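In my numbering, the protein residues as written are 5 to 135.
What follows is the structure in structure tokens.
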């Protein structure tokens with residue numbers, strides 16, 4: 005298959021878990037004290053997709069994100085590199101490659117998103133959830 009038509013999904017090495025995790029962009033391209041509400045739309049061990057309102061980062065730039073894990077009262081931060089960004093429904097979606105995150109932070113996020121992802125996949129398989 006031609007690499008230019010191969011989707012990002014087909015090139016991924018790790019499973020990506022769709023989710024909705026409240027987050028904040030706290031630093032972008034060296035600009036501190038930036039607090040922009042955001043939502044993590046999917047997450048893997050190596051990266052994530054983030055939705056934000058008013059930020060358009062340059063590919064290759066570095067960002068810091070705070071993740072708020074619902075129902076567990078946990079906060080974890082990560083540093084990522086912007087791989088891509090695009091406009092989607094009046095928002096900006098940003099693909100980040102995770103550069104630094106606490107080991108426990110990754111575990112906390114995956115422990116929260118995996119059961120929800122599994123439940124949704126089962127509903128899709130059983131025909132109870134339509135994508």
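We treat Cβ as the ideally placed atom computed from N, Cα and C, and that holds for glycine. Bear in mind the structure is a predicted one, so any value in this text is a computation, not a measurement.
Is it the case that the Cβ atoms of residue i and residue j are separated by a distance below 8 Å?
{"i": "residue 73", "j": "residue 25", "result": "yes"}
{"i": "residue 39", "j": "residue 67", "result": "no"}
{"i": "residue 140", "j": "residue 54", "result": "In the structure displayed, the chain extends from 5 to 135; residue 140 sits before or after that span and is not available."}
{"i": "residue 63", "j": "residue 32", "result": "no"}
{"i": "residue 96", "j": "residue 56", "result": "yes"}
{"i": "residue 115", "j": "residue 80", "result": "no"}
Quick one: Cα of residue i to Cα of residue j, how far?
{"i": "residue 122", "j": "residue 88", "result": "27 Å"}
{"i": "residue 17", "j": "residue 50", "result": "9 Å"}
{"i": "residue 100", "j": "residue 76", "result": "24 Å"}
{"i": "residue 28", "j": "residue 44", "result": "9 Å"}
{"i": "residue 102", "j": "residue 91", "result": "21 Å"}
{"i": "residue 65", "j": "residue 30", "result": "14 Å"}
{"i": "residue 8", "j": "residue 19", "result": "Annotation note: pLDDT 36 at residue 8 (below 50); position unreliable, no value reported."}
{"i": "residue 82", "j": "residue 93", "result": "26 Å"}
{"i": "residue 84", "j": "residue 21", "result": "18 Å"}
{"i": "residue 13", "j": "residue 35", "result": "With a pLDDT of 47 at residue 13, under the threshold of 50, the modelled position of that residue is not reliable, and the figure given next carries that caveat. When rounded, the distance between both Cα atoms is 31 Å."}
{"i": "residue 108", "j": "residue 48", "result": "14 Å"}
{"i": "residue 41", "j": "residue 58", "result": "9 Å"}
{"i": "residue 124", "j": "residue 46", "result": "14 Å"}
{"i": "residue 130", "j": "residue 71", "result": "32 Å"}
Is residue i helix, strand or coil when you go by DSSP?
{"i": "residue 7", "result": "Annotation note: pLDDT 36 at residue 7 (below 50); position unreliable, coordinate value reported separately. Reduced to three states, the DSSP call for residue 7 is coil."}
{"i": "residue 122", "result": "helix"}
{"i": "residue 13", "result": "Note on residue 13: pLDDT 47, under 50, position unreliable in the model; the coordinate value appears next. Of the three classes helix, strand and coil, the one that applies to residue 13 here is helix, per DSSP."}
Would a check of beta-carbon distances place residue i closer than 8 Å to chain C?
{"i": "residue 79", "result": "In summary, chain C is missing from the structure at hand, where a single protein chain is found."}
Segments of 3+ residues assigned as beta strand (DSSP E) that fall wholly inside the segment 29-65: 40-47 and 51-56
Unbroken stretches of the beta strand (DSSP E), 3 residues or longer, contained in the segment 81-114: 95-105
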